[in-house]
Every structure is written in structure tokens, then in C-alpha cells.
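I have placed the structure first, in the form of C-alpha cells, so that the comments after it can refer back to it.
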Amino acid sequence: MRGLKWLVELHNRTPLFVKVLGANGFFIVTGALGGYAIARFGLTGNDVLLFIAAGLIFTLVVNFALLRVAFDPLFRLHSVIEAVRSGEFTARSPQIPGDPDVSRLTEAFNLMLDRLNEYRQSVSSQILRALEDERKRIARELHDETSQALTSIIIAQEMVEQGLPEGDPLRERVRFAREYTLRTLEEIRRLTFDLRPSILDDLGLVPAIRWYLKNRLAADGLRITLDVAPEAEEVRLPEETEITLFRIVQEALTNVRKHSRATEVTVRIWLTPGRLHARVADNGIGFSTEEAFHADARGRGLGLLGMRERAALVRGANLRVESEPGRGSVVEVEVPIGG
664 MRGLKWLVEL HNRTPLFVKV LGANGFFIVT GALGGYAIAR FGLTGNDVLL
714 FIAAGLIFTL VVNFALLRVA FDPLFRLHSV IEAVRSGEFT ARSPQIPGDP
764 DVSRLTEAFN LMLDRLNEYR QSVSSQILRA LEDERKRIAR ELHDETSQAL
814 TSIIIAQEMV EQGLPEGDPL RERVRFAREY TLRTLEEIRR LTFDLRPSIL
864 DDLGLVPAIR WYLKNRLAAD GLRITLDVAP EAEEVRLPEE TEITLFRIVQ
914 EALTNVRKHS RATEVTVRIW LTPGRLHARV ADNGIGFSTE EAFHADARGR
964 GLGLLGMRER AALVRGANLR VESEPGRGSV VEVEVPIGG
């Protein structure tokens, strides 16, 4: 046992270059010993061919094993590269003890990933913050200017309608125009909420989600269940965290409306020590999560990618998406209550 432990420690301490050199040296030495054995024992004919074949197979197997062990740290590094390539930006290569060359390479690779991830999050944060600011500005203008102007038009139409005699064809036309203007005003109010829900700023996450379910999903004929733990009703989070949570829930519900063909959707909000959870589950057709996290040229998958990008901006947040074709889907996000 001690001898085996010593060999393992020696292997870990040996640089990769020396391991490869040793494996190839073994191949050369084995070939030389084989030639010596042929000459020493006077092998001829089929015996020579059999001896060479056996020696070659043995040498290749041993050499393969030695090289496989020597390059194992690089294979691990390659698996991390593939994970990052597929979107797992938090994947890191474990430190390989002993080998100084591979340890330096692993450390430099992980440091590069950390810096790239910080830069990506910084840029994403700036983009999303600018997007939310622009949404807020447009929503305010729609509310303060467009909505007020439409309200004035509706009042004027109502006054004209009341001033016309019953049975006048013009009165019917004015009434139709007023109803159309009312519908337009209602659509602008819905658009304003989608751009920047003022109820989120004023009352918080739960009232905003409750309003969204009632006014945006109920009309689609879905059976909606909202399950909010009593202790989660009054929880307020930092502004960016609340808008991030709301946007993730909103995007998940939009996916339910547009793509899932679901008849039921459940939104659950609850607390665990130090964390707030939000979960959206439906009984729709489901999808392949592996394919969904790769947006194609037509933009499919951008919603899930956007949710993941938003969740990454909140320190300590976790996003989980579970789905299979034919088995519905679950989107769950959790954030620390402290921010």
C-alpha cells in the first residue's frame, strides 16, 4: 500500500512533459528489448512474427494507458471548455495537485473565465439597466402624455354625444369612436404596465404579479393558481432585484401563453431562511431544455437566455428550468432577501 501511495504521489508531482517523455521512452526501450530477445534466442519465421505482434500489442496498451493518465488533466480542462461553450458560465476546472505545468495552466484558465464572466455580467448589467430606464421613460410618457390626451378626447367625445339628439346617426358614430378610444386607452395602460409596472415600484413584487395574472393571463382561459406564503406578502427587495424577479416571472408566463398550450399554470412564492423563491409551473407540452437554451436565427430560446442573464445579475441568485417534451415545464428562481 505504501509503495502504491508513493507511486501516486510521484505521478502527481511529475510534470506533464516528463510523463509523455517517459511513456515514449518505455515504447522505445520495449522495442529494443524485443529486438535483443529475438537475437538472443534465435527466433525465426512465425515465432518472430508472433513475438513482434505480442510485444507491439503489449507496448501499445501500456503506452496508451500511460498517455491517458498523463493527459487526463487536459481532458478535464476540455470538458470545462465544452461546458462553458454550452452556456454554463460558472463551470471551472478543478485544481490538479502536483503537476506544476498543468496547475499553472488550470489557474490561468480559471482566472480568465472569472474575468470574462465579470466583464460579461458588467456589460449585461449596463444593457439591462439602460433597457429598464428606457422602458420606464417610455411608460411615464405614455401615462403622463398619451393617456392624458386620450382621456381628454374621451371626455370631449362624451360631451358631443350628449349634445346630439337621440336617433341622430352622428351620435351613433361618436359613440363608436368613444368606445374605440376607450379600448385604445386600455391597451396603452396594459402596454405601460408591461414596460414598467408602477405597482411594482409602489407596492412590491407580489401585488405586481397578482395584477399581471388577473389582467394579462385570465383572459386567455388558463386556470391560474397563485400560492403566496403569508410571510412573503410584504417582503420588499432592492429595486433591481424586484424588477429582475418580476421580469423572469413575466417571461415564464409569456412562454406559457405563447408556446406551452397549457390549460393550467401555478405561480408559487415562498420564503426559506434568507431567501425568496418564485416558481412558475404549467401542464403544457414542455420542451427540451438543452435545445431551448440555444437561440436560433428566428429568436427561439431568447426568452430563456434572457431569464438566465437577468438571474446572473443578482448576486447569489439561482435559476432552475425543468421540462421535457409532453410533461410541462417549471421555472424557479431564488434570490437572497438581503439583495
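To get the working numbering, take the position in the sequence shown, counting from 1, and add 663. The C-beta atom is built at its ideal place from N, Cα and C for all residues, glycine as well.
Q.
With H, G and I counted as helix, E and B as strand and the rest as coil, what does DSSP make of E903?
A. Correct three-state label for E903: helix.
Q. Are R990 and E927 touching if we call contact CB-CB under 8 angstroms?
A. In this structure, the beta-carbon distance from R990 to E927 does not fall below 8 angstroms.
Q: State the Cα-Cα distance for the pair T935 and V994, rounded to the nearest angstrom.
A: 17 angstroms
Q: Taking L854 as the reference, give the member of K799, F752, I932 and V919 with the closest Cα.
A: When each option's Cα is compared against that of L854, the closest is K799.
Q | Host beta strand (DSSP E) of R931 (start-end) | A | E927 to T935
(Q) Between V869, I817 and Q825, which has its C-alpha nearest E849's C-alpha? (A) I817
Q: Would you decide whether S749 is buried or exposed? Buried here means 16 or more other CB atoms lie within 10 Å of its CB.
A: Exposed, since its Cβ has fewer than 16 Cβ neighbours within 10 Å.
Q) Measuring CB to CB, does P988 end up less than 8 angstroms from G949? A) yes
(Q) Just to confirm the assignment, what range does the alpha helix (DSSP H) spanning V823 have? (A) S810 to G826
Q. Is T917 helix, strand or coil when you go by DSSP?
A. helix
Q.
For a quick check, are the C-beta atoms of V898 and L866 less than 8 angstroms apart?
A. Not a contact, by the Cβ cut-off of 8 angstroms.
Q | Beta-carbon separation (whole angstroms), E953 vs S787, contact threshold 8 angstroms | A | Not a contact, Cβ separation roughly 22 angstroms.
Q: Take D857 as the anchor and find which of L794, A840, Q811 and D890 has the nearest alpha-carbon.
A: Nearest to D857 by alpha-carbon distance, out of L794, A840, Q811 and D890, is L794.
Q: On a CA-only basis, which of M970, A975, A881 and G947 is nearest A915? Give me that one, please.
A: M970
Q: Inspect the beta-carbon positions of T929 and A944 and report whether they are closer than 8 angstroms.
A: yes
**Q.** Rounded C-alpha distance that separates R859 from Y875
**A.** 12 angstroms
Q) How long is the line joining the alpha carbons of P767 and S951, rounded to whole angstroms? A) Rather than Pro, the amino acid found at residue 767 in this sequence is Arg. Computed Cα separation, rounded: 38 angstroms.
Q) Going by Cα to Cα distance, which pick from V996, L774 and T844 is closest to I911? A) V996
**Q.** DSSP bridge partner residues for D890 (one or two, in chain order)
**A.** R931
Q | Spatial distance of T814 from M822 (CA atoms) | A | 12 angstroms
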